[in-house]
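The numbering of the sequence shown is our numbering, which starts it at 2 and goes up by one. Note that beta-carbon positions come from the ideal geometry of N, C-alpha and C, so glycine has one too.
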Amino acid sequence: MDTSKEQPDVLAQYQQQTIELSAEIVRLQQENDRLIHDSAARSQSVESEDNWMHQSRDRLLEAASAATNILLTVDNLDEAIDTALRILGEGSGCDRINVLENFCVSPATLPTYHTVIYEWTRSGIVSQMSHLESGCICTAGIEPFLERYYVNGDGFGGLLAEWEEPLRSAFAAIGVESSYAVPIRVKEQWWGVLGLDYCQSPVCISPAEIAVLRTIAACIGSAIQRDRTTTALLQAEQARAAELKKANEVLRKSLDYLATETSLEKFLGQILGAIAEQFDSPLAEYWYHPDDTAYIGMMSWHGRTYNRAEILQQYPNHLGVDGFPIPPEMMSTEDLPPHKQYFITEDWLTDPYFQHVKWLPADSLYKQINVPLVLGHKCIGALVVRMPSGHQIATEQIELAQALAHQVILVVQFTRLAQEAQQAAIYEERNRLAGEIHDTLAQTFTGISVQLELVKYLNPHHSPEVRSILDRISSLAQTGLGEARRSVWSIYSATEDFADLAQQLADCVENLTAGTDLHTQIEIVGAPVPLSHFVGINLLRIGQESIANTLKHAQANTLTIQLEYSPHQVSLCIQDNGCGFSPQVQTEGFGLISISERADRIGGQLRITTQPGQGTEIFVQVPL
């Protein structure tokens, strides 16, 4: 490579740089001489300026201390901030000081604009809060600036030219020469800014003074947080008090209704309407659980109550018309803690248990709360409220629903007991009437028949006319006796109480022979059929009396009970291997007399077979 040409060029550059450096050194020497010449004059001015800055900082610190005390002690937030801004403004020497609040579309986004909500201004200075363009400042386009200095930083300040648009134009419109702003944070989130404006002449404040502003901003943020927390607590207490008052009113009305209304259907309708109103829902339902399947019993739909018959007619496709299998966890609440004695389905469309269900609640009511009706440890029904997905459920609403559920349980139970008592009274009255008919009309007709037969026996030589009359009277007596017996039987209807007489007898045997050495056996012959209460109760009492006699007198070790059903009759045979007795010997007990009367009362044929040492058999056969 030929370097002969490059060397003169490098030397020329070095020579040029040397000339320039020499000229710069001369200039610096001249400047240094001037500075030395002026140093005596300036030293006194700098000392005066330093004193002013120290005094300004001291005044700001004193003002900040007083403002902080106000923010911490005055309960009224507006009064505290207004007073603190006045103290701070007068102490700092600024012309305007204000608080601007962020307004965001959502908590996770940067503010879309700032609005002045508190302000202090020196006399003769334009109010930013009242200014049409600067009172509310749009932040579009300066998101990076905000995020850098306020979300992640400690603020920004300086001369007007140092601010970005649209802040610079907004400040210029209200005469700002320099401005400083620090972030206000509430619950560690950027909430707004505390700003100081100098309008008469530009002022640069020190980092120490900015640190004081940050302290004041933190105090303002704490005061705002304290006020909002207090306000939220007060509003929550007021809302809870209002809800409790409303709930108490609902409970009072339901208790008054309970005390005056005897109809279960009307009471349930009132309860469902109250629950629907409390949950702000158009649909509330009452379900009953006779077994492991739930059925719709009543519903309140948009303020109107429908009983089951009306639901079957108008809403035949409703889920509860044909029954719906109950989830196992809702069948018994024995192991559930009290706070879990309700069930919430957030969305029918996504809940696995309801995915196979073709019927869906009306009006997109896919969320529901189920409050079980628990009697003892058994779930006998439920109150169900349906609402749109995402609907919020308050604790007070659940507590009220549970209180109303307890009332429904009481009413359902009282109604059941009243119906049972009424039915028992009906059976008792029927039994009394049957006994009266049997002991009067039936016995009278029987006596007439016996007397007529006696007349025929004592005087067999009646004329044909007299014999014909006696035959007609005998026939009428037999007809009357049959009608009397049919009247007795027609008083009683078939009932589930004695649909299974064998089980009734088995329970009786178990209760009477518990703790004894008697070996028992029960045998059923034929297909059991429901019996009328009249027949069933008397056969059961005959069985009880026979078992009692065996235990008291027979000294038996085995007892056999046979219950035989046929299309036209039912028979009961009770046999033991005890000591037996002589039928000719009159006993002191009433048992055999009672058995005989009961058998006669139901038109049964009674046979008692016994001999001393050969056991006893009691057989009764009743036509159906």
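Do residue j and residue i count as a contact pair if the criterion is CB distance below 9 Å?
i    : j    : result
E120 : V100 : yes
D96  : R60  : no
Q279 : A171 : no
I217 : A68  : yes
T559 : T517 : no
D198 : S179 : yes
Q570 : Q622 : yes
L72  : A64  : no
G382 : W288 : yes
L519 : V386 : no
D603 : N512 : Residue identity check: residue 603 is Ile in the sequence provided, not Asp. Result no, Cβ atoms of I603 and N512 do not sit closer than 9 Å.
C205 : V177 : no
H115 : G193 : yes
I370 : I399 : yes
G158 : Y181 : yes
G156 : V183 : yes
T561 : G579 : no
L573 : V412 : no
Comparing C-alpha positions only, which one of the options sits nearest to residue i?
i    : options                : result
F535 : E430, P112, C380       : E430
Q563 : V526, R542, S547       : V526
F325 : Q342, A295, P353, L366 : A295
Y327 : R305, A310, H290       : Per the sequence shown, the amino acid found at residue 327 is Ile instead of Tyr. It is H290.
T230 : D76, C509, T514        : D76
S567 : V117, P624, I603, P584 : P624
R487 : G136, R149, S533       : S533
V117 : L374, I98, A549        : I98
E565 : A503, L552, N70, G270  : A503
G94  : I82, T480, L62         : L62
L384 : F446, N308, S464, P373 : P373
Can you give me the C-alpha to C-alpha distance between residue i and residue j, rounded to a whole angstrom?
i    : j    : result
P389 : T351 : 14 Å
P112 : F104 : 5 Å
I138 : A237 : 33 Å
G616 : L593 : 15 Å
N460 : T610 : 36 Å
I312 : E266 : 14 Å
S202 : L234 : 46 Å
Q226 : I88  : 21 Å
I575 : A485 : 29 Å
G590 : G448 : The pLDDT assigned to G590 is 49, lower than 50, so where the model puts this residue is not dependable; a value taken from the coordinates is nonetheless given after this. The straight-line gap from Cα to Cα measures roughly 26 Å.
L147 : V106 : 16 Å
M130 : E163 : 23 Å
G544 : T396 : 57 Å
H554 : S547 : 10 Å
E524 : A557 : 19 Å
P584 : Q612 : 8 Å
H407 : M300 : 18 Å
G581 : R608 : 15 Å
A549 : G537 : 18 Å
S207 : P167 : 25 Å
P353 : Q414 : 34 Å
E618 : C509 : 18 Å
Which class does residue i belong to by DSSP, given the choice of helix, strand or coil?
i    : result
C509 : helix
L411 : helix
G321 : coil
F344 : strand
A277 : helix
R123 : coil
Y458 : helix
D198 : strand
N103 : strand
I118 : strand
Y528 : For the sequence presented, residue 528 should be read as Ala rather than Tyr. Coil.
V386 : strand
P291 : coil
A141 : coil
V467 : helix
T285 : Thr is not the amino acid found at residue 285; the sequence shown has Ala there. It is a strand residue.
G158 : strand
T521 : strand
S301 : strand
Q369 : strand
I327 : coil
Ignoring anything shorter than 4 residues, give me the alpha helix (DSSP H) runs that lie fully in the region 552–625, in order along the chain. 592–602
Ordered list of alpha helix (DSSP H) runs contained in the region 160–236, each at least 4 residues: 168–174
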